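Data first, discussion second: the structure below is written as C-alpha cells.
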Amino acid sequence: MTRAKRRVVILAPKPFQAPRQALRLPWSVDSLVLKTLLREVAALTGEHAILVGVSSGIAIVLGIGLGIAGTRHAALRQMSVTVASVLQTIPSLALFGFLLPVPLIGGIGRHTAILCLVLYSLLPVLRNTIVGIATVDRPVREAAIAMGMTDSQLLRLVELPLAAPTILAGVRIALVTNIGTAVIAAVIGGGGLGVLIFRGVASADTLQILAGAIPAAALALIADGGMSLLERRVAIR
1 MTRAKRRVVI
11 LAPKPFQAPR
21 QALRLPWSVD
31 SLVLKTLLRE
41 VAALTGEHAI
51 LVGVSSGIAI
61 VLGIGLGIAG
71 TRHAALRQMS
81 VTVASVLQTI
91 PSLALFGFLL
101 PVPLIGGIGR
111 HTAILCLVLY
121 SLLPVLRNTI
131 VGIATVDRPV
141 REAAIAMGMT
151 DSQLLRLVEL
161 PLAAPTILAG
171 VRIALVTNIG
181 TAVIAAVIGG
191 GGLGVLIFRG
201 VASADTLQIL
211 AGAIPAAALA
221 LIADGGMSLL
231 ERRVAIR
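Below is the structure:
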C-alpha cells in the first residue's frame, strides 16, 4: 500500500504594493497623458508670455515716461515714487484681491491680471529711470547746453543714452518680477502657467506642478540672461 505524499503549502503574505495612481510620480505617466499635458504646457506658456509681455510693455512706457517727467518736476517725482513704492509693498496676491471688486477695471479675467502686473512692476523702471538720468555728470550737461542743445535734445542725445544701462537694469528687474508674479494670475482667471501649478497643488500631482514651474523658471532665466547681455552691450557703447 502506497502512502500518499502530502505537500504542505505555506501561504506567505504578498509584499505591500502601493497603488500606482496614488503615487502620481512624474516618471509613471501614460504617454497619451504626457502628450496632452505637453500641448497644454505649450498653450499656457504662450498665455504666460502674453501676460508678461503686455504688462511689462505698459509698465516700461509708464515708468520711463514718469521717470523723465520726474527729473524735471520734483513734486511729480516724489508723488510717483511714493505711490509706486506703496504698490510694491502690497503682497501680490492681496493686490489681485483689491482690484477684483473695483468697477470697470476689476473683475475676473486677463485684464485685471494685466493691470495688477503693471502696477506691481512699475517701481523698478520708474526708479532706475530717475536715478539714471540724475546721475549723468554735471559737466556733460553743461557742455551740451553750451553747445546750444535744447532740453529735448539734451534728453534725447545725452541723458537717455548715458542712463540706458541703469534703465535697462530696471526693465530687467520688472520683467523677471512679472514672470514670477504672473503665476498668481491664474487665481483670478488670468491664465498662464499658474493654472498647472495651482491645479497640481490642489490634486497633489507632482507632474502638473513641475509642468508649470519649470517653464516659468526657464522664462525668468532667459529674460534675465537676455537683458543682462543687452545691458553689457549698451554699457560698452
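Just so you know, we're using our numbering here: the sequence shown kicks off at 1 and counts up by one.
A virtual CB, placed ideally from N, CA and C, is assigned to each residue, including glycine.
Every value quoted in this text rests on a predicted model; they were computed, and no experiment measured them.
State the DSSP-derived secondary structure class of residue i, mapped to helix, strand or coil.
i, result
"I64", "helix"
"D205", "coil"
"P103", "coil"
"G192", "coil"
"R73", "Note on residue identity: the sequence assigns His, not Arg, to residue 73. Note: H73 maps to coil in three-state DSSP."
"M147", "coil"
Let me confirm a value: residue i is counted as buried when at least 16 other C-beta atoms fall within 10 Å, else exposed. Which label applies?
i, result
"L229", "exposed"
"A217", "exposed"
"I209", "buried"
"H48", "buried"
"I188", "buried"
"A174", "buried"
"R233", "exposed"
For residue i and residue j, what's the separation of their Cα atoms in angstroms?
i, j, result
"I50", "A84", "23 Å"
"A185", "A42", "17 Å"
"G225", "G148", "40 Å"
"I167", "G53", "17 Å"
"R172", "I179", "11 Å"
"L76", "G57", "22 Å"
"A59", "V86", "16 Å"
"L162", "L154", "11 Å"
"V61", "I105", "20 Å"
What do you reckon, are the CB atoms on residue i and residue j nearer than 7 Å?
i, j, result
"V176", "A220", "yes"
"G70", "S55", "no"
"G63", "L122", "yes"
"L37", "A202", "no"
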